[in-house]
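J.: Got a structure for you, questions after.
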Amino acid sequence: MSDITVTIRLESPDLALTRTVAGADAATVQPVAGAGTVPNLGAYLFTVQTDDFDRFEAALTEDPTIDSFERIVDRGTEALYRFEYASDATVFSAAISDADGISLDWTNDGAAWIVRVWLPNREALASLREFASDRAIEFSLERVGDYTSLAGDEPDLTQKQREALLVALEMGYFEEPRTAPLDDVAAELGISQPAAGGLLRRGIERLVVSTVAEDGDGTGRTGEG
Numbered sequence: 000m001s002d003i004t005v006t007i008r009l010e011s012p013d014l015a016l017t018r019t020v021a022g023a024d025a026a027t028v029q030p031v032a033g034a035g036t037v038p039n040l041g042a043y044l045f046t047v048q049t050d051d052f053d054r055f056e057a058a059l060t061e062d063p064t065i066d067s068f069e070r071i072v073d074r075g076t077e078a079l080y081r082f083e084y085a086s087d088a089t090v091f092s093a094a095i096s097d098a099d100g101i102s103l104d105w106t107n108d109g110a111a112w113i114v115r116v117w118l119p120n121r122e123a124l125a126s127l128r129e130f131a132s133d134r135a136i137e138f139s140l141e142r143v144g145d146y147t148s149l150a151g152d153e154p155d156l157t158q159k160q161r162e163a164l165l166v167a168l169e170m171g172y173f174e175e176p177r178t179a180p181l182d183d184v185a186a187e188l189g190i191s192q193p194a195a196g197g198l199l200r201r202g203i204e205r206l207v208v209s210t211v212a213e214d215g216d217g218t219g220r221t222g223e224g
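Position 28, counted from 1, in the sequence shown is what numbering that gives the first Met the number 0 calls 27; the numbers after and before it change by one each time, with no gaps.
Shown next as structure tokens:
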């Protein structure tokens, strides 16, 4: 695998705008494509959907990560905003840029952010995880590349199986030759090697049953060849 597309869930009160969206939980906040998450511009453009802009702007006023804001365009329940971040705000898009990545989509989920990012390689993903770890940002890998089924409703993986498979994939456990042993995967998950192996085996079994065993008998045989 070379370049990858990942979906990451981030949560930290120090991330720019997080306290605003937590305080105005009915608002949907997204950057303007190509403008909202590019660092070093001095200003960031976001669309905001809410039924209560007064509440949203009150939250902005109390948010220490925001230096200033301006409502540029107002279209009823949707508006375009210009934000300037405080100098000490944590801006995750800067880490994406430093990793030569591209932000494809951002949206808030309560006090968390769901970020879809294109990255040139797995090392870039590791650098984002390290950036988050160094700043006590909760970092959850939701989807990787074409393996979107690992984080979707189908197949019916448990959360622990999904996490184990994604971590193993990210670390290179499934590469040929293997670049990460099961011990390393287990250590990253914070569980024993037998427990990690069991999660991977059961997760793979569910994937096979859901995507290969189409005849319903669990054998995966659908015909000749």
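Where a beta carbon is used, it is the ideal one built from N, C-alpha and C, also for glycine.
Within the same chain, show all residues whose beta-carbon is closer than 6 Å to that of Ile-101, passing over the 5 residues directly before and after it, in chain order.
T.: Counting only Cβ-Cβ distances below 6 Å, and skipping sequence neighbours, we find Trp-117.
J.: Determine, using beta carbons only, whether Tyr-172 and Ala-179 come nearer to each other than 7 Å.
T.: A contact, by the Cβ cut-off of 7 Å.
J.: What three-state label does DSSP hand Ser-96 in the structure shown?
T.: In this structure, Ser-96 counts as helix in the three-state DSSP scheme.
J.: Buried or exposed for Asn-39, going by 16 or more other Cβ atoms inside 10 Å?
T.: Confidence is the limiting factor: at Asn-39 the pLDDT is only 47, short of 50, which leaves the residue's position unreliable, though a coordinate-based value still follows. Per the 10 Å Cβ criterion, exposed.
J.: Distance check for Ile-190 and Gly-202, CA to CA, integer angstroms please.
T.: Looking at the two C-alpha atoms, the distance is approximately 16 Å.
J.: Looking at C-alpha atoms only, which residue of Gln-29, Glu-77, Asn-107 is the closest neighbour of Ser-11?
T.: Per the Cα distances, Asn-107.
J.: Helix or strand or just coil, what does DSSP make of Glu-56?
T.: Three-state DSSP puts Glu-56 in a helix.
J.: Give me the residue from Leu-103, Thr-89, Thr-4 with the minimum Cα distance to Val-31.
T.: Per the Cα distances, Leu-103.
J.: Out of curiosity, what's the CA-to-CA distance linking Asn-120 and Ile-3?
T.: If you take the alpha carbons of Asn-120 and Ile-3, they lie about 6 Å apart.
J.: Is it the case that the Cβ atoms of Leu-165 and Val-143 are separated by a distance below 7 Å?
T.: Yes, the pair counts as a contact, with Cβ atoms nearer than the cut-off.
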